[in-house]
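Counting along the sequence shown from 1, when you hit position 198 you're at 289 in my numbering, and nothing is skipped either side. We put the beta carbon where it would ideally sit given N, CA and C, even for glycine.
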Amino acid sequence: MKIKNHSRICLIVSACIMVLALVLTLFGQGVNLGIDFTGGLSMQYSLGADAVQTDVEAVLKEMQVGDFTVTVQGANHDEVNIRIKSINQDDVQTVQETFEGKMADKYPAIKRVGDVNYVGPVAGETLLKNAFVSVILAAVLMLVYIAIRFDFNSGLAAVIGLVHDVLIMLSFMVILRSIVQMNSSFIAAALTIVGYSINNTIVIFDRIRENARKLGGVTREEVVNVSVKDCLTRTVTTTVTTLITICALYILGVASIKEFALPIIVGIVSSVYSANMINGYIWAALESRKRK
């Protein structure tokens, strides 16, 4: 199978996804930030019977609680997780006691599972800032590492690929805002994908370096074509194996696992896409420009 350079088309597709996410954000349909970033209250209860989501929502509405989400979970579907945004710390105990009292009428065996977690808005802002700094720091260190191991253009192309993958993850968090919230698990997912993406890129760049020495009289683009083809079997095998595991986690996992697994799935697909279809050709373009 002959590999061709479709990097321009791929970049246009990626740009369209990012523009769509930007437009949705400008119209107020941006990332659905969870309480880890916006601040709020998280409570989890075992009801001792099959949980009916509408029963829980009815109690919260009766209590005149504002922005909330209710998730039924547990192996027997007998647990609920309640997340309430925009709540003062002084009201946490009152809300908790009132909720437990009203729910006890229908679910006498109700009991709290784990701790009641409250995150203030200041802590949420700090977490968001730290997430941004973490990704930027990782990208800079990757640039330095690859520039030393290969060359500066390889490092620059790899970092462009990293930024691309993180932006695609963010874009899909906007597009899929009705399905998933962004909480602290997204930071772990983003840093995981940074590592996964750079691993794929380094494997291909290593083959590019070998082929650049062996293949004389060919363009840099042709070197990239051959190198991507050489790594294709390895790429497909590792990607499919990883996706099977992560998809199983998403299908079978609880809400908190889904919040981690979905960005990982998007990031894995994006990182393989960028490593094979974009990054090498960016390196070839930078090399050609340098030679001219």
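Check your understanding: Span of the beta strand (DSSP E) holding Asn291?
Key -> Taking the sequence shown and counting its residues from 1, one reaches residue 291 at position 200. Segment 275-305 is the alpha helix (DSSP H) holding Asn291; no beta strand (DSSP E) there.
Check your understanding: Where does Ala281 land, buried or exposed, given buried means 16+ other C-beta within 10 angstroms?
Key -> For the purposes of this step, residue 281 is identified with residue 190 of the sequence shown, where counting begins at 1. Label assigned to Ala281: buried.
Review point. Which two residues bound the contiguous alpha helix (DSSP H) that contains Lys197?
Key: Counting from 1 along the sequence shown, the entry for residue 197 is found at position 106. Per DSSP, Lys197 belongs to no alpha helix (DSSP H) and is neither H nor E.
Exercise for review: Can you tell me the Cβ-Cβ gap for Asp127 and Asn274, rounded? I've got them flagged as a contact below 8 Å.
Suggested key: Mapped onto the sequence shown, residue 127 falls at position 36. Mapped onto the sequence shown, residue 274 falls at position 183. Indeed they touch by this definition, with Cβ atoms about 4 Å apart.
**Study point:** As assigned by DSSP and simplified to three states, the class of Leu138
**Key:** Residue numbering aside, residue 138 sits at position 47 when the sequence shown is read from its first letter. Here Leu138 sits in coil by DSSP.
Check your understanding: From Val357 to Ile227, what does the alpha carbon distance come to, in whole angstroms?
Key -> Taking the first residue of the sequence shown as 1, we reach residue 357 at position 266. Taking the first residue of the sequence shown as 1, we reach residue 227 at position 136. So the two alpha carbons sit approximately 20 Å from each other.
Practice item. Return the bridge partner residues of Ser133 from the DSSP annotation. Key: In the sequence shown, the residue the question calls residue 133 occupies position 42. Paired residue(s): Arg174, Asn208.
Review point. If you draw a straight line from the C-alpha of Ala195 to the C-alpha of Ile201, how long is it?
Key: The residue labelled residue 195 in the question sits at position 104 within the sequence shown. The residue labelled residue 201 in the question sits at position 110 within the sequence shown. Cα to Cα, Ala195 sits roughly 6 Å from Ile201.
**Study point:** Beta-carbon gap between Ala366 and Ile295 smaller than 7 Å
**Key:** Mapped onto the sequence shown, residue 366 falls at position 275. Mapped onto the sequence shown, residue 295 falls at position 204. Contact flag set, yes.
Check your understanding: Nearest CA to the CA of Gln144: which residue from Phe159, Val171, Gly121?
Key -> Locating residue 144 in the sequence shown gives position 53, counting from the first residue. Out of Phe159, Val171, Gly121, Val171 has the C-alpha closest to the C-alpha of Gln144.
Review point. Does the stretch 368-376 come within contact of the stretch 302-315, defined as at least 3 CB pairs closer than 8 Å?
Key: yes
Check your understanding: What three-state label does DSSP hand Leu124 in the structure shown?
Key -> Numbered from its first residue, the sequence shown carries residue 124 at position 33. Strand at Leu124.
**Study point:** Own chain residues within Cβ distance below 6 Å of Arg203, not counting five before or after
**Key:** Position 112 of the sequence shown, counted from the start, is the residue given in the question as residue 203. Tyr136.
Check your understanding: Of the choices Thr185, Thr116, Asn291, Val110, whose alpha-carbon is the least far from that of Val360?
Key -> Sequence index remark: in the sequence shown, residue 360 carries index 269 (1-based). It is Asn291 whose Cα lies nearest to the Cα of Val360.
Exercise for review: Quick one: measure Cβ to Cβ for Asn208 and Ser133, integer angstroms, because I've assumed they're closer than 8 Å.
Suggested key: Taking the sequence shown and counting its residues from 1, one reaches residue 208 at position 117. Taking the sequence shown and counting its residues from 1, one reaches residue 133 at position 42. Indeed, because the Cβ distance is near 4 Å, the residues count as touching under 8 Å.
Review point. Can you tell me where the alpha helix (DSSP H) with Gln144 in it begins and where it stops?
Key: Your numbering for residue 144 matches position 53 in the sequence shown. Gln144: member of the alpha helix (DSSP H) spanning 144-153, first to last residue.
Check your understanding: Rounded to a whole number of angstroms, what is the C-alpha to C-alpha distance between Gly165 and Val345?
Key -> For the purposes of this step, residue 165 is identified with residue 74 of the sequence shown, where counting begins at 1. For the purposes of this step, residue 345 is identified with residue 254 of the sequence shown, where counting begins at 1. Taking C-alpha positions only, Gly165 is separated from Val345 by approximately 7 Å.
Check your understanding: What is the residue span of the alpha helix (DSSP H) that Val327 lies within?
Key -> Taking the sequence shown and counting its residues from 1, the one referred to as residue 327 is at position 236. Start and end: 311-343.
Exercise for review: Tell me Thr384's beta-bridge partners as DSSP assigns them.
Suggested key: Only positions 92 to 383 of the chain appear in the structure, and residue 384 is not among them; the question remains open.
Practice item. In angstroms with no decimal places, state the Cα-to-Cα distance between Leu124 and Leu258. Key: Position 33 of the sequence shown, counting from 1, holds the residue named residue 124. Position 167 of the sequence shown, counting from 1, holds the residue named residue 258. Using only the alpha carbons, I get a separation of about 16 Å.
Exercise for review: For the alpha helix (DSSP H) holding Gly358, just list the boundary residues, first then last.
Suggested key: For the purposes of this step, residue 358 is taken as residue 267 along the sequence shown, with counting starting at 1. That run of the alpha helix (DSSP H) goes 346-365.
Check your understanding: Quick one: Cα of Asn244 to Cα of Ile278, how far?
Key -> Counted from its first residue, the sequence shown places residue 244 at position 153. Counted from its first residue, the sequence shown places residue 278 at position 187. Each residue's alpha carbon lies about 28 Å from the other.
**Study point:** Phe190 to Leu340 span [Cα, whole Å]
**Key:** Position 99 of the sequence shown, counted from the first residue, corresponds to residue 190. Position 249 of the sequence shown, counted from the first residue, corresponds to residue 340. Computed Cα separation, rounded: 31 Å.
Practice item. Throw me the rounded Cβ distance for the Val147 and Val161 pair, which I believe falls under 8 Å. Key: Within the sequence shown, numbered from 1, the residue matching residue 147 stands at position 56. Within the sequence shown, numbered from 1, the residue matching residue 161 stands at position 70. The Cβ separation is near 5 Å, so the contact holds.
Review point. Ile34: which of His168, Met154, Ala112, Phe351 sits nearest, CA to CA?
Key: Residue 34 falls outside the range modelled here, since the chain spans only 92 to 383, and no answer is possible.
**Study point:** Helix, strand or coil at Asp242 according to DSSP, with G and I counted as helix
**Key:** One-based indexing of the sequence shown puts residue 242 at position 151. Note: Asp242 maps to coil in three-state DSSP.
Practice item. Look at the alpha carbon of Tyr236 and the alpha carbon of Ala248, and state the distance between them as a whole number of angstroms. Key: Position 145 of the sequence shown, counted from the start, is the residue given in the question as residue 236. Position 157 of the sequence shown, counted from the start, is the residue given in the question as residue 248. Distance between the alpha carbons of Tyr236 and Ala248 is about 13 Å.
Practice item. Return helix, strand or coil for Ser105, following the three-state DSSP convention. Key: By one-based count along the sequence shown, residue 105 stands at place 14. Ser105 falls in the helix class under three-state DSSP.
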